[in-house]
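Numbering (our numbering), first residue to last: 206 to 429. Glycine included, C-beta positions come from ideal geometry on N, C-alpha and C. These figures come from a predicted structure and were not determined experimentally. Report on the following structure.
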Amino acid sequence: MKRNVSLDEISDGRLYGENDMVKADCHGCRGCSLCCRGMGNSVILDPYDVYRLQAGLGKTLSCLLEEGAVELNVVDGIILPNLRMCGEEERCYFLDGEGRCGIHPSRPGVCRLFPLGRFYEKGDFKYFLQTGECDSGCRSKVKVAKWIDTPNPGQNHRFVCDWHYLLKDLEERTAGAEDLEESKRLNLALLGTFFLQPYDAGHDFYEQFQARRKSFCDVGAERP
Ligand code: SF4
Ligand code: SF4
Numbered sequence: 206m207k208r209n210v211s212l213d214e215i216s217d218g219r220l221y222g223e224n225d226m227v228k229a230d231c232h233g234c235r236g237c238s239l240c241c242r243g244m245g246n247s248v249i250l251d252p253y254d255v256y257r258l259q260a261g262l263g264k265t266l267s268c269l270l271e272e273g274a275v276e277l278n279v280v281d282g283i284i285l286p287n288l289r290m291c292g293e294e295e296r297c298y299f300l301d302g303e304g305r306c307g308i309h310p311s312r313p314g315v316c317r318l319f320p321l322g323r324f325y326e327k328g329d330f331k332y333f334l335q336t337g338e339c340d341s342g343c344r345s346k347v348k349v350a351k352w353i354d355t356p357n358p359g360q361n362h363r364f365v366c367d368w369h370y371l372l373k374d375l376e377e378r379t380a381g382a383e384d385l386e387e388s389k390r391l392n393l394a395l396l397g398t399f400f401l402q403p404y405d406a407g408h409d410f411y412e413q414f415q416a417r418r419k420s421f422c423d424v425g426a427e428r429p
């Protein structure tokens, strides 16, 4: 999800790599669950999140949509899945009665990052610290890679870049599409290829992602 704000307004003005130390560690949140409530449709899932949820919970995206844990929304012209906020308090579907994440080992990338964000530039990205987003008054320094808690950081970095720039390209193409049918075709191809077709949770995600990327390209949905 794009945000039209300057980095200086929302961060400490620094950019971080995976090996840098950043003041993001809120020590298990200590009973706070503020960023698991009222998040609208901003906890957007990427294909690796869907793979991780399938591996951890044994549920495909279709199952999660059916049970109401996930919903589909249009973001910058693209249909993408996001975690659903429920009830008057708008609590994440997976937030338990004690205010803890009920799927902590399988939680999506957006939740792993928080309060970090990503700043994309010239085909790559760095992390930044959102200074106004986490209420914990006692955050300490932690290595970015440790905070994100995701295996194979190098491979994951490449995937995050590939996915971001694939979506960016698609956004430009759907925005420029004169015919609504073409925009619909691209959106359906994206959903079917990367989200609705179940992953093989016993096999490497990144290989599956690259194979799907190739087939997406073959149907003319991604520019080679
Ligand atoms: S706002 Fe900060 S302390 Fe509260 S749940 Fe989110 S990350 Fe944890
Ligand atoms: S998945 Fe877990 S960490 Fe993420 S918003 Fe839901 S309850 Fe919070």
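Which residue marks the beginning of the alpha helix (DSSP H) containing residue i, and which one marks its end?
i: Asn392; result: Leu385 to Leu396
i: Arg420; result: For clarity, residue 420 is Ser in the given sequence; the question names Arg instead. Per DSSP, Ser420 belongs to the alpha helix (DSSP H) from Phe410 to Asp423.
i: Phe223; result: Residue identity check: residue 223 is Glu in the sequence provided, not Phe. Per DSSP, Glu223 belongs to no alpha helix (DSSP H) and is neither H nor E.
i: Tyr370; result: Pro358 to Gly381
Going by the C-beta, is residue i closer than 7 Å to any heavy atom of ligand 2?
i: Phe299; result: yes
i: Arg390; result: no
i: Val255; result: no
i: Cys316; result: yes
i: Val280; result: no
Closer than 7 Å to a non-hydrogen atom of ligand 1 - does that hold for the CB of residue i?
i: Pro313; result: no
i: Cys422; result: no
i: Glu341; result: The sequence shown places Ser at residue 341, not Glu. Yes; taking the cut-off as 7 Å, the Cβ of Ser341 has a heavy atom of ligand 1 nearer than that.
Tell me which residue opens and which closes the beta strand (DSSP E) that residue i is part of.
i: Asp230; result: Met226 to Asp230
i: Val347; result: Ser345 to Lys348
In the DSSP output, which residue or residues are listed as bridge partners for residue i?
i: Ile249; result: Asn287
i: Tyr216; result: Strictly speaking, residue 216 in this sequence is Ser, with Tyr absent from that position. Gln335, per the DSSP bridge assignment.
i: Arg242; result: Arg296
### Task
Determine contact between the stretch 356-371 and the stretch 404-420, defined as no fewer than three beta-carbon pairs at a distance below 8 Å.
yes
### Message
Give the list of continuous alpha helix (DSSP H) stretches no shorter than 4 residues that lie fully inside the stretch 257-332.
### Response
266-272 and 314-318
### Message
Check whether the stretch 246-265 and the stretch 280-296 are in contact - that is, three or more C-beta pairs closer than 8 Å.
### Response
yes
### Message
Does the structure place the stretch 223-243 close enough to the stretch 347-358 that three or more beta carbon pairs sit under 8 Å?
### Response
yes
### Query
Is the stretch 390-398 touching the stretch 267-286 in the sense that three or more CB pairs, one from each, lie closer than 8 Å?
yes
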